[in-house]
Amino acid sequence: MKAVELIKRGATYFPNHTGAIFEGEKLTFEQVYRNSNRLANSLLSLGLKKGDRVAFLLANSLQSLEIDFALLQAGLVRVPLNTRLSEAEHIHMVKETDAKALLFTEEFSERTLQIKKHCSDLTYFCQMNGATKEAWIINMQEFVQGVSEDEPPVTLSESDLATIQYTSGTTGTLKAAVHTQETWVAISNNILTTLDIQEGDIMLHAAPLTHASGTLVLPHWVSGAANSILSGFLPDQYLQTIHHEKPTTLNLVPTMIVMLLNHPNVEQYSFESVRNIIYGASPMPREALKRGLELWGPKFVQYYGQTEAPLILSILNKNDHTGSGEEGEARLLSCGRPVPTASIKIIDENGEELPAGEVGEIAVKSSQAMVGYWKELELTQDTIKDGWVHTRDMGYLDQNGYLFLVDRKSDMIISGGFNIYPREVEEVLYQHPAVQEAAVVGVPDKKWVEAVKAYVVLKNGATVNEDEIIQFCKDRLASYKKPASVEFIDTLPKSAVGKVMRRFLRDPHWEGKERRI
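Encoded structure:
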């Protein structure tokens, strides 16, 4: 099956249902479908053809949804550009993918001009809103007028490329994972079989649709559920939207959940309509999760996946969040168990499978895995071996098949010959009543080669000093794992999807020094 079949099916089954909502504005399934067909036909009329890469740069909006559908239906390959990346990174992505067109909104017109200066093969510049100021820019609001709203005349197959998705760059290198029409369907099917979605439901999106949140659009669409879109995440607006729209499913990264829990009026808002609170993308502090369960009830679902093998590889379902005792507490730190369509194993440095309880690299095999990295044959061969995607995530499986994510391979600290995983130290830091956020990195040390350094963001009005934090960790961790130093900062650097970018904290300490990993 192809992704375009799911798009058409939703529009055919539920034409008059509300299909999309953007900050109060509503469109029916049929309106979204016709708008996306018209955009697809407009792009093809420019001279673009099946297989051409089309980049797009815009914040969450109704147009985000229509662009996604239009490119899939026209057989054009999606190249979403993370709005928070730098000019140099955008230029790199457009150049590397040989994009022929760039779709953008007015707020990114200056960035588009800079991209144009460096990307001579980029032919079409399509502004999706507002008045255009340059002759070389196509005003798409005008261009689509009178264009056919029928299904584009393009023959597609399951193996046709659908998207080139760049990783978040947590390791410092942006990698371009390639997915097909078929893998897009596999992602949707995984979500459909693991999440309670009903006709008439409302899925609330605040995270960027260019990332994991976007994979939740199609399964809700084909089920007759509306996709409600916010341009970004603001706690006040988000809580107000829950109050007015009564969504049934939320998708939040842990940072967003922590921000909601720390909102002074959060307990005044009812979450009664909400059945599913999906979280993932980065580790969830156990203390925050426990408070969320107390406040909102057993509605939490954790998904584990990555750009190379998107949602879902494993799931910690609602029942898994209700366990009691030591085992139940420990399970809250896991990523759940593999979904039926995915196999997960833990391997050592030689690729040999490790027994339960031993930490190694997580390797996965699933129907939604990428076909490879764009123009990176050697990297693809190094990542996909015998059908198994080597994730570069470190973790272990317990005796009951639950997956525990320990850390990124590149984030591990080796101090005095001991392996230290930042997440373990961060979990302890989150238990301190004054700590709102924390990140741990390895920094140079003359005696131990590396030492543990903690960056801490304090809650409003909280006070604590470095020695108190170190002692707090020493009381709860092996001595060699405690931070050797603590630095208090206002915010942690994060990616567009809320992942803490530890490398921005770590790398300055290693400038001019030979890193051991």
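Under our numbering, think of the first position of the sequence shown as 750, with each following residue one higher. By construction, the Cβ of each residue, glycine as well, lies at the ideal position given by its N, Cα and C atoms.
**Q.** Between the CA atoms of aspartate 1131 and aspartate 801 - distance to the nearest angstrom
**A.** 27 Å
Q. In whole angstroms, what is the alpha-carbon distance linking threonine 929 and lysine 1039?
A. 38 Å
Q) Once you ignore the five residues that flank arginine 1225 on each side, which residues in its own chain have a CB closer than 8 Å to its CB? A) Val1177, Gln1180
Q: Taking only the alpha-carbon atoms, compute the straight-line gap between alanine 1188 and lysine 1202 and give it to the nearest angstrom.
A: 8 Å
Q. Is the distance from the Cβ of isoleucine 1061 to the Cβ of valine 1088 below 9 Å?
A. yes
Q) Could you check where the alpha helix (DSSP H) with aspartate 1131 kicks off and where it finishes? A) 1126 to 1132
Q: Answer yes or no: do isoleucine 978 and leucine 1001 have a C-beta to C-beta separation smaller than 9 Å?
A: no
Q. Are isoleucine 913 and alanine 925 close, meaning C-beta to C-beta below 9 Å?
A. yes
Q) Leaving out five residues before and five after alanine 760 in sequence, what residues of the same chain have Cβ atoms less than 7 Å from its Cβ? A) Phe778, Glu779, Tyr782
Q. Measuring CB to CB, does valine 971 end up less than 9 Å from proline 996?
A. no
Q) Name the DSSP bridge partner or partners of proline 829? A) Phe805
Q: Taking 9 Å as the cut-off, decide whether the C-beta atoms of leucine 958 and valine 966 are in contact.
A: yes
Q.
Restricting to Cα atoms, I'd like to know which of Arg787, Val843, Gln822 is closest to leucine 806.
A. Val843
Q) Excluding the five sequence neighbours on either side, which residues of its own chain have a C-beta within less than 6 Å of the C-beta of proline 1032, listed in chain order? A) Arg1172
**Q.** beta strand (DSSP E) segments (min. 3 residues) lying fully within the segment 1177 to 1229
**A.** 1184 to 1194, 1198 to 1207
Q.
Per the DSSP calculation, glutamate 1102 is bridged to which residue(s)?
A. Ile1096
Q: Note the first and the last residue of the continuous alpha helix (DSSP H) segment covering threonine 714.
A: Summary: the structure shown does not reach residue 714, with the chain confined to residues 750 through 1266, and so no result is reported for it.
Q. Is the segment 1239 to 1255 touching the segment 999 to 1015, taking contact as three or more C-beta pairs under 8 Å?
A. yes
Q: Name the one or two DSSP bridge partners that valine 1138 has.
A: Val1113, Ile1133
(Q) Rounding to the nearest angstrom, what Cα-Cα distance links threonine 1090 and serine 1116 in this structure? (A) 7 Å
(Q) On the DSSP letters alone, give me the boundaries of the beta strand (DSSP E) that histidine 954 sits inside. (A) 951 to 954
Q: Below 6 Å CB to CB, which residues in the same chain sit around glutamate 907 once its five sequence neighbours on both sides are set aside?
A: Lys751, Gln930, Glu931
Q.
Considering only the alpha carbon of each residue, which of Tyr1145, Gly796, Glu1125 lies closest to valine 1113?
A. Tyr1145
Q: Count the C-beta pairs between the segment 787 to 797 and the segment 812 to 831 that are closer than 8 Å, then say yes if the count reaches three, no if not.
A: yes
Q) Whose C-alpha, out of Lys1134, Ala956, Asn1068, Ser791, is nearest the C-alpha of alanine 819? A) Ser791
Q: Count the other C-beta atoms from every protein chain shown that fall within 10 angstroms of the C-beta of serine 1228, then say buried if there are 16 or more, exposed otherwise.
A: exposed
Q) In three-state terms, what does DSSP make of valine 1246? A) coil
(Q) Determine, for arginine 1086, whether the minimum Cβ-Cβ distance to residues of chain B falls below 9 Å. (A) Absence of chain B from the displayed structure is noted, only one protein chain being present.
Q: Give the secondary structure of phenylalanine 763 by DSSP, where H, G and I count as helix, E and B as strand, and everything else as coil.
A: coil
Q.
The alpha helix (DSSP H) that contains lysine 775, what's its start and end?
A. Looking at the DSSP string, lysine 775 is not in any alpha helix (DSSP H); the run it does join, the beta strand (DSSP E), is 774 to 777.
Q) In the DSSP assignment, what are the bridge partners of glutamine 876? A) Phe853, Asn888
Q) For threonine 998, does the three-state DSSP call read helix, strand or coil? A) strand
Q. Residues in its own chain within less than 7 Å of isoleucine 1219 by CB, not counting five upstream and five downstream?
A. Lys1231, Pro1232, Val1235
Q: Using three-state DSSP, classify serine 1164 as helix, strand or coil.
A: strand
(Q) Rounded to the nearest angstrom, what separates histidine 841 and valine 803 at their Cα positions? (A) 14 Å
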